[in-house]
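Chemist: Okay, so the sequence shown: first residue is 0 according to numbering that gives the first Met the number 0, each after it adds one. Cβ atoms here follow ideal geometry from the backbone N, Cα and C, with glycine treated the same way. Only a predicted model underlies this, so the values are computations on that prediction, with no experimental measurement involved. Okay, here's the structure, questions in a sec.
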Amino acid sequence: MTHFPSGFIDTARILPPLPRWVAVARPQTPEETAFLAGAAVAHLQGAMTRPEVPPELLRARLALRAAQATLRLQGRREEISLLRDAMHLLRPGDSPDPCGEVALAWRQAVACKPKDVLPDAPTRWRSVAAGQGGAIALAASALEQILEDDPRSDLPALMLAEAGFSDVLGWDRLTPLISAGLRPADLRLRGVDLRRALEAALLRQASEAVQLCVEVTRGADRLRAVATKLRAKGAGEAVALFLARDALAPRDLAGLMSDRAARRFCERLVELGAVRELTGRDSFRLYGV
Numbered sequence: 000m001t002h003f004p005s006g007f008i009d010t011a012r013i014l015p016p017l018p019r020w021v022a023v024a025r026p027q028t029p030e031e032t033a034f035l036a037g038a039a040v041a042h043l044q045g046a047m048t049r050p051e052v053p054p055e056l057l058r059a060r061l062a063l064r065a066a067q068a069t070l071r072l073q074g075r076r077e078e079i080s081l082l083r084d085a086m087h088l089l090r091p092g093d094s095p096d097p098c099g100e101v102a103l104a105w106r107q108a109v110a111c112k113p114k115d116v117l118p119d120a121p122t123r124w125r126s127v128a129a130g131q132g133g134a135i136a137l138a139a140s141a142l143e144q145i146l147e148d149d150p151r152s153d154l155p156a157l158m159l160a161e162a163g164f165s166d167v168l169g170w171d172r173l174t175p176l177i178s179a180g181l182r183p184a185d186l187r188l189r190g191v192d193l194r195r196a197l198e199a200a201l202l203r204q205a206s207e208a209v210q211l212c213v214e215v216t217r218g219a220d221r222l223r224a225v226a227t228k229l230r231a232k233g234a235g236e237a238v239a240l241f242l243a244r245d246a247l248a249p250r251d252l253a254g255l256m257s258d259r260a261a262r263r264f265c266e267r268l269v270e271l272g273a274v275r276e277l278t279g280r281d282s283f284r285l286y287g288v
């Protein structure tokens, strides 16, 4: 049985689910796919921008999924837990492994305005991502141009495609919704076939994106319900960090409290049902909403 802390108000219940006619659709033609993808985008636009949804936490979770998808498209199937470890077990001065590089790159990207993503990328690439057109068409153009120039640049291609998509929709930060639905063969497509593949990818991911909105909103509600009970020094700032990050290690709270106090604080949040311990380990633990 799911434990809800006292004072919990489930605002996630008011988030509208993806319409059933979109969620269960099995489009038979490219035109049907395009229509359903447009409907999914319109629904996500409304759901993801509701005030109940914690935007930074949502983007952090989407970034992790995008990183996992990027590695899968490169032929590497990695668990989310490994990507978390690759980022959080780094010591100052350490260089991340290839998985960590991808995960960190996506984490940095979702903190940026769409037009500020990858500022050091070639101007030609950034220009096509900042062009004119519909959201999916622009994403397809960016992906095609970059992969034509350099077939090995799948990571910047995906990021700039997502940036163009987010910018057209008017989102103030990159919000990756397409990459996680792509298949390896999709990156070899060009022209209208690539655009159709992106429409299908978005449609495949729409239900999961809506469910993720519900999950992070409900998690944020749990944390806010116990926030007034926390008496530790720096508790308010720590809660704000949990509402903005996919996961935290106690040492991430070092600027707010001592190491021992940070560990006790995280354990207390678990006891209150406000956060989860994500690793199952006795040491090097990570906690998240």
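(1) Have a look at Arg125 and Pro113 and give me their C-alpha separation to the nearest angstrom.
(2) What's the call for Ile145, buried or exposed, on a 16-neighbour Cβ count within 10 Å?
(3) Closer than 7 Å to a non-hydrogen atom of the ligand NAD - does that hold for the CB of Leu14?
(4) Pull up the distance between the alpha-carbon of Met0 and that of Arg123, whole angstroms please.
(5) For Val288, count the other beta carbons within 10 Å of its own beta carbon; 16 or more makes it buried, fewer makes it exposed. Which is it?
(6) Kindly give me the distance between the Cβ atoms of Glu236 and Arg189, rounded to whole angstroms, as I take these residues to be in contact under 8 Å.
(7) How big is the Cα-Cα spacing for Glu55 and Leu173?
(8) Give the DSSP bridge partners of Glu77, in chain order.
(9) Please state the DSSP three-state secondary structure of Gly287.
(10) From Gln73 to Pro183, what does the alpha carbon distance come to, in whole angstroms?
(11) Return helix, strand or coil for Glu309, following the three-state DSSP convention.
(12) Please specify which runs of the alpha helix (DSSP H), each continuous and at least 4 residues long, are wholly inside the segment 111 to 199, giving them in chain order.
(13) Going by DSSP, name the residue or residues bridged to Leu201.
(14) What residue does the alpha helix (DSSP H) around Asp258 start on, and which one ends it?
(15) Which same chain residues end up closer than 6 Å to Val127 when comparing Cβ atoms and leaving out the 5 residues on each side of it in sequence?
(16) For Ala36, which of helix, strand or coil comes out of DSSP?
(17) Applying the criterion that 16 or more other CB atoms from any shown protein chain within 10 Å of the CB defines a buried residue, is Ser165 buried or exposed?
(18) Give every residue of the same chain whose Cβ lies closer than 7 Å to the Cβ of Ala246, excluding the five residues on either side of it in the sequence, and list them in chain order.
(19) Are Pro53 and Val215 close, meaning C-beta to C-beta below 8 Å?
(20) Answer with buried or exposed for Gln67, where buried requires no fewer than 16 other C-beta atoms within 10 angstroms of its C-beta.
(21) Can you check DSSP and say which residues form a bridge with Leu247?
(22) Contact between the segment 215 to 228 and the segment 246 to 262: three or more CB pairs below 8 Å?
(23) Could you tell me the alpha carbon to alpha carbon distance between Arg71 and Leu181, rounded to whole angstroms?
(24) Would DSSP call Gly254 helix, strand or coil?
(25) Check each candidate in Ala24, Pro121, Val213 and name the one with the smallest Cα separation from Ala38.
(26) Could you give the DSSP three-state label for Asp220: helix, strand or coil?
Modeler: Reading off the structure:
(1) 10 Å
(2) buried
(3) Inclusion of the ligand NAD in the displayed structure is not the case, the ligand content being empty and no account of it being possible.
(4) With a pLDDT of 46 at Met0, under the threshold of 50, the modelled position of that residue is not reliable, and no figure is offered here.
(5) buried
(6) No, Glu236 and Arg189 are not in contact; Cβ-Cβ is about 48 Å, not under 8 Å.
(7) 11 Å
(8) Glu77 pairs with nothing; no bridge assigned.
(9) strand
(10) 8 Å
(11) Absent from the structure is residue 309, since the part of the chain shown begins at 0 and ends at 288.
(12) 122 to 128, 134 to 148, 153 to 167
(13) DSSP output for Leu201 lists no bridge partner at all.
(14) 258 to 270
(15) Ser140, Ala141, Gln144
(16) helix
(17) buried
(18) Arg83, His87, Leu277, Leu285, Tyr286, Gly287
(19) yes
(20) buried
(21) Tyr286
(22) no
(23) 9 Å
(24) coil
(25) Ala24
(26) helix
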